[in-house]
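Letter by letter, the sequence shown follows residues 11 to 251 of this note's numbering.
What follows is a set of notes on a single structure, which appears directly below.
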Amino acid sequence: MLFYARVVLLTLYFLLVCAVVIPFCMLRPFHRNNTRDGSWLMSLGRYLLGIRLRVVRNNRLSDDQPAVYISNHQDNLDVFTVTARMPGNTFFLGKSTLKYIPVFGTAFWLAGNLFIDRKNKAKAWETMAQVARQVRQRQCSVYIFPEGTRSRGRGLMPFKSGAFALAIESGLPVVPIVFSSSDKNIDPGRWQAGQCLVSFLDPVPTDGLGEADVKNLAEQCRQRMQLAIDEMDNQLAGETK
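Here it is in structure tokens:
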């Protein structure tokens, strides 16, 4: 019963935040911190879930140091956990179809987030080169989920190349952000749903890398993230014994 009540409540909260973000962003459309501020407001929904979020390691970069942030993408709870640690001057890179979602799409666009057409895989590098030009022009950071989809309890999925092609093309470091496994540590059916640990890993430089290095860079980042996720899950498991 509690689970279904939360589904309804959080759906309403999600729509409410989007409705609030739209007029806020209209006052300062595409501002560098619209996404951060809107994300913070969205992240407050975790209190309705009874989720306790703990930061294991903070970001080593300042908001004025552009980077490509990557994170594991697990399930719908990400809307209320990932958003809690959104760096300033950072925009999500999302698929172009997001802009057509009622209410949310408008808020996402007005916040200044970037869109990409993922259908044309043959022109993936060319597409990322176009995004890289926008990033250099705006002197901003980009936030990407390299798995390309929610893992839904299947663990860290294989990474797609887009985030790493963008990092290399724009000359920016990759900063992995890892969240503990929600399927192991969070149960929305409990009053206190559980804990979520988050850690910013060390930036991975891309200086001197080219298109041929994309797959190696992706695998290097994935291995680091998997190790960090395992460590956080073990930490939470030890605390519950």
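Even glycine gets a Cβ: it sits at the ideal position worked out from N, Cα and C.
The structure displayed is predicted, hence computed values, not measured ones.
Start-to-end residues for the alpha helix (DSSP H) that takes in residue i
i	result
S192	192 to 195
C206	That residue, C206, is in no alpha helix (DSSP H); its beta strand (DSSP E) goes 204 to 210.
I262	The structure shown has nothing for residue 262, since the chain only spans 11 to 251.
Y23	12 to 37
Straight-line Cα distance separating residue j from residue i
i	j	result
P183	I196	31 Å
V267	A222	Since the first residue shown for the chain is 11 and the last is 251, residue 267 is missing from the structure and cannot be characterised.
V92	S53	8 Å
A117	F155	19 Å
I61	V30	23 Å
R200	L219	47 Å
V152	F174	11 Å
R160	I32	26 Å
T137	Q233	26 Å
F13	L22	14 Å
E249	Y110	43 Å
L63	Q202	12 Å
D193	A139	36 Å
D73	N44	13 Å
I126	A247	38 Å
E157	M36	32 Å
V214	Q230	9 Å
M167	A121	28 Å
I239	N123	27 Å
T107	L237	33 Å
G172	R162	21 Å
R146	Q84	30 Å
L103	W119	11 Å
M235	N69	15 Å
Y79	D212	11 Å
V66	L25	30 Å
A94	G115	20 Å
S49	A228	26 Å
The beta strand (DSSP E) enclosing residue i, as first and last residue numbers
i	result
G172	Segment 172 to 180 is the alpha helix (DSSP H) holding G172; no beta strand (DSSP E) there.
R64	61 to 67
S81	78 to 81
F40	Note, F40: premise wrong, no beta strand (DSSP E); not H, not E.
F189	184 to 189
Closest residue to residue i among the options (Cα-Cα distance)
i	options	result
V141	M36, R200, S72, G181	G181
M96	Q233, L71, V214, Q84	L71
Q149	F90, G98, M167	G98
A15	I32, V185, F102, L58	L58
Q75	A238, V185, Q205, S191	V185
K225	A177, A121, D88, D240	A177
E241	V65, S190, G204, L120	S190
P198	L103, P215, F90, S171	F90
E179	D212, Q147, R143	R143
Q245	N82, S81, Q205	Q205
D243	N86, V188, D217	V188
Quiz prompt | Length-filtered (4 minimum) alpha helix (DSSP H) runs lying within the region 86 to 167 | solution = 88 to 91, 114 to 120, 134 to 148
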